[in-house]
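For reference, the structure discussed in these notes is given below.
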Amino acid sequence: MSWNQLSTSSFDPIERKVQFAGNSTFVISLPKEWALEQGLEPGMSMSLYPHEDRLVAATEPVSTQDRTVAVDADAFSEEAVTRRIEAAYTGGCDRITVIGLDETNLQLRRSIQQTVNQLTGAAIRTDTDDRLTIVNLLDSSEISLPQTVSQAQQLALELHEDAIDAFVTNDADLARRVIDRDDDVDRLFSFVKHGINRGLEDVHEIDRLGTDRPSMFRNYRIAQQLERIADHAEGIARETTRQSDSPDQVFADQLETIGADTRSVIELALAGELEQAHETLSSVHETVNQIDQELYDRKEPKAYQYGKVLQLVHRTAENGINIAEAITESSLES
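Positions 1 to 334 (full-length UniProt numbering) are the ones given, in order, by the sequence shown.
Next comes the structure, spelled out in structure tokens:
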């Protein structure tokens with residue numbers, strides 16, 4: 001685009017020449033029509049921020065203050081209060097004040113404490129009769145977003161393998177550990193969401209998180225799928241706690257094999273091997289259908305429960321494909 005050519009869309013960039021005025025000032029002129037479309041007026045101040053290979057211009061300074069929000073406990077149910085705390089944290093807030101508390105409602109305070117325990121870096125700083133304040137103690141520069149996703153990846157794969165093992169051996173203790181550790185993946189995903197929302201508001205937050213904008217969104221999509229994979233592992237573990245004994249050896253062997261193939265889909269996806277991941281998913285899909293039919297043909301008494309477990313395994317493999325597509329799309333965009 002020529003430097004003196006107007007953009008045909010307010011979303012398109014315009015190219016301008018940097019001119020030298022006086023002995024110490026660079027000047028960039030903006031086309032009047034385009035500037036008015038952006039809401040610019042004469043005398044308005046602009047803030048400029050260097051970010052990677054570009055310069056970000058904003059009509060208002062990007063706030064570096066902590067984002068704060070208040071939640072009125074008197075206006076909502078206990079569940080709604082904890083949901084709002086979670087939403088405020090994942091939305092990027094660093095300070096959450098819960099007001100309107102009843103000093104005699106100890107159950108609500110316990111629920112709030114449990115919720116805060118699930119949020120990485122969050123802690124209750126002050127607690128009085130009618131309010132408490134939750135703050136984020138985490139320094140973003142000390143935690144890498146890619147490393148957080150890597151932690152979630154390792155944990156989700158471990159949970160899936162343990163869940164399958166617990167089911168085929170009817171190990172209720174192992175199943176309960178899987179159920180408990182699913183919260184760890186939820187906690188990591190909440191931190192990813194918190195970091196991304198902070199990054200959308202503060203251009204410097206992305207750098208502090210050790211990532212860039214395309215990678216940030218890719219990490220979010222991957223973490224989202226890993227969180228779902230962990231949820232499916234929890235679902236398999238819960239089925240373990242509902243069965244009275246181990247499945248027969250035939251189904252146990254089949255489930256272990258298909259479980260390993262499912263984890264291969266995820267590992268191939270994370271390596272960016274989209275074609276191989278799809279091929280392995282097709283194999284998983286065919287095997288699930290085959291086992292389902294076998295359960296029906298032999299009139300297996302536990303066919304319904306086994307079918308639920310198979311569907312959870314199949315959904316896990318599909319989550320792996322979603323990871324592969326997120327990585328592939330990100331590489332095309334960058």
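No residue lacks a Cβ here, since even glycine has one placed at the ideal position from N, Cα and C. Predicted, not measured: the structure shown is a model, and the values here were computed from it.
| Item | Value |
| --- | --- |
| Inter-stretch contact (C-beta, 8 Å, three-pair minimum) for the stretch 172-187 and the stretch 84-103 | no |
| Beta-carbon proximity check, residue 121 vs residue 201, cutoff 8 Å | no |
| Contacts around residue 195, its chain only, beta-carbon distance under 6 Å, and the 5 residues preceding and following it disregarded | 145, 209 |
| Exposed unless 16 or more other CB atoms sit within 10 angstroms - verdict on residue 64 | Here residue 64 scores only 49 on pLDDT, less than 50, and its place in the model is too uncertain to base an answer on. |
| Residue 136 - DSSP class collapsed to helix/strand/coil | strand |
| Among 71, 268, 119, nearest to residue 328 - alpha-carbon criterion | 268 |
| Counterpart residues of residue 147 in DSSP-defined beta bridges | DSSP output for residue 147 lists no bridge partner at all. |
| Helix, strand or coil at residue 87 [DSSP, three-state] | helix |
| Continuous beta strand (DSSP E) stretch holding residue 99: start and end | 95-99 |
| Whole-Å CB distance - residue 130 paired with residue 99, under 8 Å assumed | 7 Å |
| Per DSSP, the bridge partner or partners of residue 122 | 136 |
| Nearest neighbour of residue 272, chosen from 220, 322, 134 [CA to CA] | 322 |
| Neighbour-count burial assignment, residue 148, 16 or more Cβ in a 10 Å radius | buried |
| Residue range of the unbroken beta strand (DSSP E) whose run includes residue 342 | Coverage of the chain is limited to positions 1 through 334, which leaves residue 342 absent and any answer about it impossible. |
| For residue 80 and residue 159, believed in contact at Cβ under 8 Å, the rounded distance | Rounded, the Cβ-Cβ distance is 29 Å, inconsistent with contact. |
| Alpha carbon of residue 77 to alpha carbon of residue 197, nearest angstrom | 26 Å |
| Reference residue 238; option with closest CA among 219, 218, 182 | 182 |
| Close beta carbons around residue 299, own chain, < 7 Å, minus the five adjacent residues each side | none |
| N- and C-terminal bounds of the alpha helix (DSSP H) containing residue 250 | 249-270 |
| Rounded C-alpha distance that separates residue 9 from residue 46 | Confidence in residue 9 is poor, its pLDDT being 48 and thus under 50, which makes the residue's placement too unreliable to answer from. |
| Which listed residue (309, 241, 20, 33) has its alpha carbon closest to that of residue 14 | 33 |
| Length of the line joining the Cα atoms of residue 188 and residue 138 | 13 Å |
| Residue span of the beta strand (DSSP E) that contains residue 25, given as start and end | 25-27 |
| Cβ-based burial, residue 247 [other Cβ within 10 Å; buried from 16] | buried |
| Burial state of residue 319, where buried means 16 or more other Cβ atoms lie within 10 Å | buried |
| Nearest-angstrom beta carbon gap, residue 259 and residue 161 [assumed within contact, 8 Å] | 7 Å |
| Simplified DSSP assignment, three categories, for residue 5 | Because residue 5 carries a pLDDT of 45, less than 50, the predicted location of this residue cannot be relied on, and no value is offered for it. |
| Distance between residue 164 and residue 295 (C-alpha atoms, nearest Å) | 18 Å |
| Helix, strand or coil at residue 64 according to DSSP, with G and I counted as helix | For residue 64, the predicted structure reports a pLDDT of 49, less than 50, and the residue's modelled location is therefore unreliable. The matter cannot be settled from this model. |
| Residue 305 vs residue 254 beta-carbon contact at 8 Å | no |
| Contact set for residue 280: own chain, Cβ-Cβ below 8 Å, skip 5 residues either direction | 261, 264, 265, 268, 317 |
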